[in-house]
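**Student:** Going line by line, the protein sequences match chains A and B. Take the first sequence: its letters are residues 25 to 269, numbered as in our numbering. Take the second sequence: its letters are residues 17 to 152, numbered as in our numbering.
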Amino acid sequence: MAIAALTDAHIYTAGVDLQGYSNEVVLDAAVEDHDSTVFGTSGWRSKEAGLKEVTSTVSGFFDASTLDAHLFSTFATTGIAYSVAPSAAADGDLAYTTKVMRPTYQFGGAVGELLPYTASVVGYGTPLVRGTILHPGATARTTSGTGTGRQLGAVSATQKLYAALHVLSVSGTSTPTVTVIIQSDSDNTFATPTTVLSFTAATAVGGQFSSVAGAITDTWYRVSYTISGTSPSFTFAVVAGVAAA
Amino acid sequence: MAISSISTVRTNLAAAVAVISGLRTSATIRDAVNPPIFVVGAVSQDFDETMGRGTDALTIACHLYVSRADDKAGQTKLDGYLAGSGASSIKTKIEADRTLSGACATLRVVSQAGYAYYAIAGTDYLGAEFTVRVWG
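1) Where does the unbroken beta strand (DSSP E) through residue 149 of chain B begin, and where does it stop?
2) Among B:34, B:119, B:54, which has the Cα closest to the Cα of residue 143 of chain B?
3) Does DSSP classify residue 142 of chain A as helix, strand or coil?
4) So, are the CB atoms of residue 153 of chain A and residue 124 of chain A less than 8 Å apart?
5) Between which two residues does the beta strand (DSSP E) harbouring residue 118 of chain A extend?
6) Short check: CB of residue 131 of chain B to CB of residue 81 of chain B, under 8 Å?
7) For residue 40 of chain A, which residues from the same chain have a beta carbon less than 6 Å from its beta carbon, with the 5 sequence-adjacent residues on both sides left out?
8) May I have the straight-line CA-CA distance separating residue 136 of chain A from residue 250 of chain A, to the nearest angstrom?
9) Note down, in chain order, each residue of its chain lying with its Cβ closer than 6 Å to the Cβ of residue 79 of chain A, except the 5 sequence neighbours on either side.
10) Per DSSP, what kind of secondary structure is residue 225 of chain A in: helix, strand or coil?
11) Mind checking if residue 55 of chain B is an interface residue toward chain A, Cβ cutoff 8 Å exclusive?
12) Which value, in whole angstroms, describes the spacing of the CA atoms of residue 233 of chain A and residue 150 of chain A?
13) Take residue 190 of chain A as the anchor and find which of A:42, A:173, A:56, A:30 has the nearest alpha-carbon.
14) Which bits of chain B does residue 84 of chain A rub up against, with CB to CB less than 7 Å?
15) Within its chain, find whatever has a CB closer than 7 Å to the CB of residue 131 of chain A; leave out the 5 residues flanking it on each side and keep chain order.
16) Compare the C-beta of residue 46 of chain A with all C-beta atoms of chain B and state if any pair is closer than 8 Å.
17) Rounded to a whole number of angstroms, what is the C-alpha to C-alpha distance between residue 88 of chain B and residue 94 of chain B?
18) In chain order, what residues of the same chain lie with their CB nearer than 6 Å to the CB of residue 104 of chain B, ignoring the 5 residues before and after it?
19) Skipping 5 residues on each side, what residues in its chain have a beta carbon closer than 6 Å to that of residue 203 of chain A?
20) Please state whether DSSP places residue 29 of chain B in a helix, a strand or coil.
21) Just to make sure I have the definition right: I need the residues of chain A whose C-beta is within less than 8 Å of the C-beta of residue 126 of chain B. Which are they?
22) Under DSSP, the beta strand (DSSP E) around residue 60 of chain B begins and ends at which residues?
23) Using three-state DSSP, classify residue 113 of chain B as helix, strand or coil.
24) For a contact meaning CB atoms closer than 7 Å, what does residue 32 of chain A contact in chain B?
25) What residues in the segment 35-64 of chain A bring their beta carbon closer than 7 Å to a beta carbon of chain B?
26) Where does residue 211 of chain A sit, in a helix, a strand or coil, going by DSSP?
27) Go to residue 96 of chain A, then tell me how far its alpha helix (DSSP H) extends in each direction, as first and last residue.
28) Can you give me the start and stop residues for the beta strand (DSSP E) that residue 254 of chain A sits inside?
29) Per the DSSP calculation, residue 231 of chain A is bridged to which residue(s)?
30) What does DSSP give as the partner residue(s) for residue 72 of chain A in the beta ladder?
31) Do you know offhand how far residue 215 of chain A's Cα is from residue 148 of chain A's?
32) CA-CA distance, residue 26 of chain A and residue 143 of chain A?
33) Measure the alpha-carbon distance for residue 133 of chain B versus residue 91 of chain B and round it to whole angstroms.
34) Output yes if chain B places a C-beta closer than 8 Å to the C-beta of residue 112 of chain A; else output no.
35) In or out: residue 61 of chain B buried (at least 16 other Cβ within 10 Å) or exposed?
36) Could you check which residue in A:28, A:98, A:173, A:259 has the C-alpha nearest to that of residue 211 of chain A?
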């Protein structure tokens, strides 16, 4: 992928996409470094990696309804499904995902300016996963189906397949429900798919973060979604990737 | 709410000011004017104020022209339009509906400057410039 100007990003936090309210996003992965310098290193320090941490900050323009309602309700909340895609978040695009806690939310500015906001999150005991969008949030689904298969690679015994589901909108009657699972197979035909991860059935806007431990020898993955209800319609994003357990 | 179109913003800006009794308006730059008249002028834009082409910001230079036939009367008339509030206040009338009847998300009349004489088609007019910032 060539370098490009940042003109689009999707920031999925639980069941909300902050894209339309935001003009800046930062995803920061850091690791503690511990001095392990001993004699015989020709005068050079040696550092070992310690605990890792992820933080993310998003800022933009305040919205009194959707944005404020979500950010304030999730303030100091733990285990929020959080995904960031530095793009239009199309099917197959790169996205990072993890579970977070929201320690800060602020808004306010000078008279006359568009009211700005800033919110941050910190990791919550889960790796920051470099993943792939298995289902784009912009595509509405009204009937059951499957997504496009993506080659995420095998999952070793010391790894997990991590995935986030962000249900962004729900409409319909008779309790519209979407049940999303992730299937794997040895190739892109998905002739004999195996369910490797199942999200809880969703009837409302919200987010889930889940994982399954390796080993998984299959290298291809896709979402399968079952939709029920009367005149149901859902928009949801799924991000999945492999990382250390 | 995205900006519907620059033309619609222009038209609705002029319409917002047209409620001021005795003040003509034009949604486009004119080769000749019949004062007193409020003219929606040049547009500049800042794109990508939010992600995914969500918000752009327009800066619109609007001009107000009054007759300079009687310099004292002209300035008195002009001052009425420049006031920050009141029945003839251009700022008040524009900001009465910050969405311009749905043409934008919000706006602000940021400043007024250029209190001077302007030459249009060989005739001098007393006037001033308003800077209007429109987001959507």
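C-beta: ideal position from N, C-alpha, C; glycine also. Please read all numbers here as calculations on a predicted model, not as lab measurements.
**Tutor:** Looking at the coordinates:
1) Boundaries of the beta strand (DSSP E) harbouring residue 149 of chain B: 139-151, taken from the DSSP string.
2) Out of B:34, B:119, B:54, B:54 has the C-alpha closest to the C-alpha of residue 143 of chain B.
3) Strand, per DSSP.
4) Going by C-beta atoms, residue 153 of chain A is not nearer than 8 Å to residue 124 of chain A.
5) Unbroken beta strand (DSSP E) run through residue 118 of chain A: 118-131.
6) For residue 131 of chain B and residue 81 of chain B, no; Cβs fall outside 8 Å.
7) The beta carbon of residue 40 of chain A is closer than 6 Å to those of 94 in its chain, skipping five residues each way along the sequence.
8) Looking at the two C-alpha atoms, the distance is approximately 48 Å.
9) Excluding positions up to five away in sequence, the list reads 52, 146.
10) Coil at residue 225 of chain A, not helix or strand.
11) Residue 55 of chain B has a beta carbon lying at 8 Å or more from every beta carbon in chain A.
12) Computed Cα separation, rounded: 10 Å.
13) The candidate whose alpha carbon is nearest that of residue 190 of chain A is A:42.
14) Residues of chain B whose Cβ lies closer than 7 Å to the Cβ of residue 84 of chain A are, in chain order, 66.
15) Here the set comprises 86, 139, 140, 141.
16) True, the Cβ-Cβ gap to chain B drops below 8 Å.
17) In this model, residue 88 of chain B and residue 94 of chain B are separated by some 10 Å (Cα to Cα).
18) Taken in chain order, the residues that qualify are 36, 96, 97.
19) Here the set comprises 225, 250.
20) Three-state result, residue 29 of chain B: helix.
21) Going along chain A in sequence order, the residues near residue 126 of chain B (Cβ under 8 Å) are 136.
22) For residue 60 of chain B, the enclosing beta strand (DSSP E) covers residues 53-66.
23) DSSP places residue 113 of chain B in coil when its eight states are reduced to three.
24) Per Cβ cutoff of 7 Å: 67, 68.
25) Cβ contacts with chain B: 43, 44, 45, 46, 47.
26) The three-state secondary structure of residue 211 of chain A, taken from DSSP, is coil.
27) Unbroken alpha helix (DSSP H) run through residue 96 of chain A: 90-97.
28) Counting along the chain, the beta strand (DSSP E) containing residue 254 of chain A begins and ends at 244-268.
29) A:190, per the DSSP bridge assignment.
30) Paired residue(s): A:58.
31) Between the alpha carbons of residue 215 of chain A and residue 148 of chain A lies a gap of roughly 37 Å.
32) The straight-line gap from Cα to Cα measures roughly 29 Å.
33) So the alpha carbons of these two residues sit roughly 11 Å apart.
34) Closer than 8 Å to the CB of residue 112 of chain A there is at least one CB belonging to chain B.
35) Exposed is the call here.
36) Of A:28, A:98, A:173, A:259, the residue nearest in Cα terms is A:173.
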